[in-house]
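Engineer: Provided herewith is a single structure, encoded as structure tokens, for subsequent inquiry.
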Amino acid sequence: MRSFFKIFFASFLSLVIFTVFAVIVLLALIAGATSSEKPDVGHKAVLVVDLTKQYKEQKEEDALNIITGNADENVPGLFDVVRMIGYAKTDSAIKGIYIKCDDNANGFAASEEIRSALADFKQSRKFVIAFGDVISQKAYYVANIADKIYCNPQGSLDWLGLETTLFFMKGTLEKLEIEPQIFYAGKFKSATEPLRAYEMTEPNRLQTSVYLNDLYSRILLSAVEKSKLDTGRLHQLANTAAIRTASDAAKYKLIDGVKYDDEVKSEIIQHLKIDSTDKINFISLGKYAKAVDFSPNSGSRIALIYAEGDIMDGKSRDGTIGSDDCRNLIRKARLDKNIKAIVFRVNSPGGSSLASEEIWREISIAKKSKPVVVSFGDVAASGGYYIACNADSIFAQPNTITGSIGVFGIIPNMKKFFNNKLGVTFDGVKTGPFADVPSVSRPLNAAESLFIQNTVDTIYATFKQRVAQGRKLPMNVVDSIAQGRVWTGQRALQIGLVDRLGNINDALDCAGRMAGLTKYTVREYPEKKNLLEKLFNDYSNGVKVKMIKEEIGEEQYNMLEQLKKVRNMISIPQARLPFEMITR
């Protein structure tokens, strides 16, 4: 027994010592990672804009990258990218920009913001060179603003036009004997189509065709500047699949030539006027973000509040807009006397109608005490439009997806699935005829269906009233442009759903003018988490996602995420876009 205790206490002491040592090492790493030392940009630097990385609204900081000294690998936010490109315009250390354009992980409106920033950078007379092995159309849309754009001789430029794909589960549900009892308002409200149809309905096909062609027109117009061909000819090249190789793209002057990577690097060396054996000083956006102070820090404050992801009731989770947290941020900015205006950046397909109403309410209160300007990102539709419609002014990009003013609800009847597939039956007692509504264990009767449809219609009527009030439009006009129809930012401007076309900087400048400010400092919300919070959050979420992806694959994981969204919609009235559409 004495031997046992000696071994036990020795082991316990070793564990305590190891834990203390590990904590000390971790704290030392964190202290080193969070030190204020800035990396050196050096001289004759070339800023790298990698389009294969997705630049979300706020920067993504991987805690492990920070601790291990690889903070340069962290991906900055979209607004950070725009500001850094603007800062590089006058930074004597930066001699040019190199665009990696194999693919483009960003949405159309985000691509517009990056492209505009690059166009402004070119006024500095510094070089901009783009290169890709296989260049996608969306990548080309950004990259063709460069002075020179090259493609690998054995690569290609995708020039076949855009297409969008929806997946439909009606047949699957029928095989499972699940009846998706669906209630919706708005003939274009297509979010429930994957559950109630085998293919796109004609109204949805119409609206999708219109906005897809609007997006494609932007790509064609950008190519006109580069190739000097008219849009009709460019469209014909796509329809006949005339551009199959990089050489074809060069022949029709969509690109400036075919070159290998080393040849492109040699051209950059010539621009830099350095020795051919010297290493090019490429600077990633992550490193540049740490090295320079690209955000002005003088003048009164403007709050920039980000709302990105699905709108949901309660607290926010990663990639979502929780009504409680979003309201609190708006209220905090409203009550802060040092904040003179609010810019609300919305990038959301919508979600819970009640959560959207609660955020709308907070915006309505805030605009009574200070200017509130909204800036739309890639998408600000349905609930994403609901939360923004009462602002003083709304900015959108021409290729923002917005509108979709409509409501729906889903209550699946899974009685036959449980009975016939699983052998499960249900029985119970209730004090009133509606006490168990909604229930997935039995079909709704006529009275219950009418009750739920009336609820959806009431929410839809309220939604339209909010739009009419905020946009100062007659109700009959709102009804004609609502119906769940999706619009691009360009068309939204024409019908009165937005005030101006512009980016985040345009919205901030507008808010500054409305507040009477000559200069201002931007205060961003939500504020970033501390390193320990990020470390534990990133680890738990990252491990879980990685394990699932390894088991079922990337494509199936994305499908699983869509099915999880369906689950979250059940029994909660929704103001949101259709299921995620793949546009390429």
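Those letters in the sequence shown? Residues 15 to 598, per our numbering, in order. Positions of the beta carbon are idealized from the N, C-alpha and C atoms, including for glycine. Keep in mind the model is a prediction, meaning the values are calculated, not measured.
(1) Just how far apart, CA to CA, sit residue 103 and residue 298?
(2) Based on Cα-Cα distance, which residue from 454, 509, 494 and 383 lies nearest to residue 528?
(3) Quick one: complete beta strand (DSSP E) runs, 3+ long, within the region 330–406?
(4) For residue 122 versus residue 415, is the C-beta distance shorter than 9 Å?
(5) Judging by CA-CA distance, which residue of 366, 427, 293 and 518 is the nearest neighbour of residue 194?
(6) I'd like to know whether the C-beta atoms of residue 108 and residue 69 end up nearer to each other than 9 Å.
(7) For the beta strand (DSSP E) holding residue 213, just list the boundary residues, first then last.
(8) Where does residue 151 fall in DSSP's three states?
(9) Using CA atoms only, rank isn't needed, just tell me which of 164, 255 and 492 is closest to residue 512.
(10) So, helix, strand or coil for residue 294, using DSSP?
(11) Would you check if the distance between the CB atom of residue 336 and the CB atom of residue 534 is smaller than 9 Å?
(12) What is the rounded straight-line gap between the Cα of residue 331 and the Cα of residue 394?
(13) Does DSSP put residue 509 in a helix, in a strand, or in coil?
(14) Can you name the residues that DSSP bridges to residue 317?
(15) Going by the beta-carbon positions, is the gap between residue 387 and residue 521 smaller than 9 Å?
(16) For residue 258, count neighbouring Cβ atoms within 10 angstroms of its own Cβ and tell me buried if that reaches 16, exposed if not.
(17) Rounded C-beta distance between residue 295 and residue 144? I'm assuming under 8 Å.
(18) So, with DSSP's three-state summary, where would you put residue 145?
(19) Distance, Cα to Cα, residue 300 vs residue 431?
(20) Starting from residue 484, trace the beta strand (DSSP E) in both directions and tell me its first and last residue.
(21) Would you mind working out which of 154, 253, 364 and 429 sits nearest residue 237, comparing C-alpha positions?
(22) Among residues of its own chain, excluding the 5 on either side of residue 199, which ones have a beta-carbon nearer than 7 Å to its beta-carbon?
(23) With a threshold of 8 Å on Cβ separation, who are the neighbours of residue 210 within its own chain once the five nearest residues in sequence on each side are excluded?
(24) Which same chain residues end up closer than 6 Å to residue 240 when comparing Cβ atoms and leaving out the 5 residues on each side of it in sequence?
(25) Taking the CB atoms as reference points, tell me whether residue 252 and residue 173 lie closer together than 9 Å.
(26) Between which two residues does the beta strand (DSSP E) containing residue 64 stretch?
(27) For the beta strand (DSSP E) containing residue 170, name the first residue and the last one.
(28) For residue 442 and residue 213, what's the separation of their Cα atoms in angstroms?
(29) Note the first and the last residue of the continuous beta strand (DSSP E) segment covering residue 490.
(30) Suppose the cutoff is 6 Å on Cβ atoms and the five residues either side in sequence are ignored; what does the same chain contact list for residue 267 look like?
(31) DSSP state of residue 246, grouped into three classes?
(32) Which class does residue 325 belong to by DSSP, given the choice of helix, strand or coil?
(33) Let me know if residue 54 comes out buried or exposed under the rule of 16 or more other beta-carbons within 10 Å of its beta-carbon.
(34) So if DSSP puts residue 500 in a beta bridge, which residue, or which two residues, is it bridged to?
(35) Going by CA-CA distance only, name the one from 112, 149, 171 and 205 that's closest to residue 424.
(36) Indicate, with yes or no, if the ligand NAD has a heavy atom lying under 8 Å from the CB of residue 164.
Structural biologist: Short version:
(1) The count along the sequence shown starts at 1 and reaches residue 103 at position 89. The count along the sequence shown starts at 1 and reaches residue 298 at position 284. Each residue's Cα considered, the two are about 16 Å apart.
(2) Here residue 528 is taken as the residue at index 514 of the sequence shown, counted from 1. For the residues 454, 509, 494 and 383, the minimum Cα distance to residue 528 belongs to 383.
(3) 334–336, 353–362, 364–366 and 386–395
(4) For the purposes of this step, residue 122 is identified with residue 108 of the sequence shown, where counting begins at 1. For the purposes of this step, residue 415 is identified with residue 401 of the sequence shown, where counting begins at 1. It is a contact, given that the beta carbons lie within the stated cut-off.
(5) Here residue 194 corresponds to residue number 180 of the sequence shown, with the count starting at 1. The shortest C-alpha separation from residue 194 is found at 427.
(6) Taking the sequence shown and counting its residues from 1, one reaches residue 108 at position 94. Taking the sequence shown and counting its residues from 1, one reaches residue 69 at position 55. No. Outside cutoff.
(7) The count along the sequence shown starts at 1 and reaches residue 213 at position 199. That residue, residue 213, is in no beta strand (DSSP E); it is neither H nor E in DSSP.
(8) As a first step, residue 151 must be located in the sequence shown, where it is residue number 137. Here residue 151 sits in helix by DSSP.
(9) Within the sequence shown, residue 512 is the residue found at index 498, counting from 1. The residue with the shortest Cα to Cα distance from residue 512 is 492.
(10) Along the sequence shown, read from residue 1 onward, the residue named residue 294 stands at position 280. Three-state DSSP puts residue 294 in coil, outside helix and strand.
(11) Numbered from its first residue, the sequence shown carries residue 336 at position 322. Numbered from its first residue, the sequence shown carries residue 534 at position 520. No; because the gap between Cβ atoms is not below 9 Å, this pair is not in contact.
(12) Residue numbering aside, residue 331 sits at position 317 when the sequence shown is read from its first letter. Residue numbering aside, residue 394 sits at position 380 when the sequence shown is read from its first letter. Whole-angstrom Cα-Cα distance: 19 Å.
(13) Locating residue 509 in the sequence shown gives position 495, where the first residue counts as 1. Note: residue 509 maps to helix in three-state DSSP.
(14) Indexing the sequence shown from 1 puts residue 317 at position 303. Beta-bridge pairing links residue 317 to 356 and 537.
(15) Along the sequence shown, read from residue 1 onward, the residue named residue 387 stands at position 373. Along the sequence shown, read from residue 1 onward, the residue named residue 521 stands at position 507. A contact, by the Cβ cut-off of 9 Å.
(16) By 1-based counting over the sequence shown, the position of residue 258 is 244. Looking at its Cβ environment, which holds fewer than 16 other Cβ atoms inside 10 Å, residue 258 is exposed.
(17) Taking the sequence shown and counting its residues from 1, the one referred to as residue 295 is at position 281. Taking the sequence shown and counting its residues from 1, the one referred to as residue 144 is at position 130. With a Cβ gap of about 19 Å, residue 295 and residue 144 do not count as contacting.
(18) As a position in the sequence shown, residue 145 is number 131, starting the count at 1. Correct three-state label for residue 145: strand.
(19) The count along the sequence shown starts at 1 and reaches residue 300 at position 286. The count along the sequence shown starts at 1 and reaches residue 431 at position 417. Distance between the alpha carbons of residue 300 and residue 431: 51 Å.
(20) Working through the sequence shown from its first residue, we reach residue 484 at position 470. First-last for residue 484: 460–485, but that is the alpha helix (DSSP H), not the beta strand (DSSP E).
(21) Taking the first residue of the sequence shown as position 1, residue 237 is located at position 223. The residue with the shortest Cα to Cα distance from residue 237 is 154.
(22) For this step, residue 199 is matched to residue 185 along the sequence shown. The answer, listed in chain order, is 420, 421, 470, 471 and 474.
(23) Translated into the one-based positions of the sequence shown, residue 210 becomes position 196. Cβ neighbours of residue 210 beyond the five flanking positions: 184, 194 and 196.
(24) The residue given as residue 240 occupies position 226 in the sequence shown. Answer for residue 240: 158, listed in chain order.
(25) Along the sequence shown, read from residue 1 onward, the residue named residue 252 stands at position 238. Along the sequence shown, read from residue 1 onward, the residue named residue 173 stands at position 159. It is a contact, given that the beta carbons lie within the stated cut-off.
(26) Here residue 64 refers to the residue found at position 50 when the sequence shown is read from its first residue. Element bounds for residue 64: 59–64.
(27) The count along the sequence shown starts at 1 and reaches residue 170 at position 156. First-last of the beta strand (DSSP E) with residue 170: 162–171.
(28) One-based indexing of the sequence shown puts residue 442 at position 428. One-based indexing of the sequence shown puts residue 213 at position 199. Taking the straight line joining both Cα atoms gives about 38 Å.
(29) Within the sequence shown, residue 490 is the residue found at index 476, counting from 1. Premise fails: residue 490 lies in the alpha helix (DSSP H), 489–495, not in any beta strand (DSSP E).
(30) Here residue 267 refers to the residue found at position 253 of the sequence shown. Excluding sequence neighbours, residue 267 sits near 241.
(31) Taking the first residue of the sequence shown as position 1, residue 246 is located at position 232. Here residue 246 sits in helix by DSSP.
(32) Sequence index remark: in the sequence shown, residue 325 carries index 311 (1-based). Here residue 325 sits in strand by DSSP.
(33) Taking the first residue of the sequence shown as 1, we reach residue 54 at position 40. Counting Cβ neighbours within 10 Å, residue 54 comes out exposed, since fewer than 16 surround it.
(34) Translated into the one-based positions of the sequence shown, residue 500 becomes position 486. In the DSSP output, where bridge partners are listed per residue, residue 500 has 417.
(35) The residue given as residue 424 occupies position 410 in the sequence shown. That would be 205, whose Cα lies nearest to the Cα of residue 424.
(36) Looking for the ligand NAD in the displayed structure turns up nothing, as the structure carries no ligands at all.
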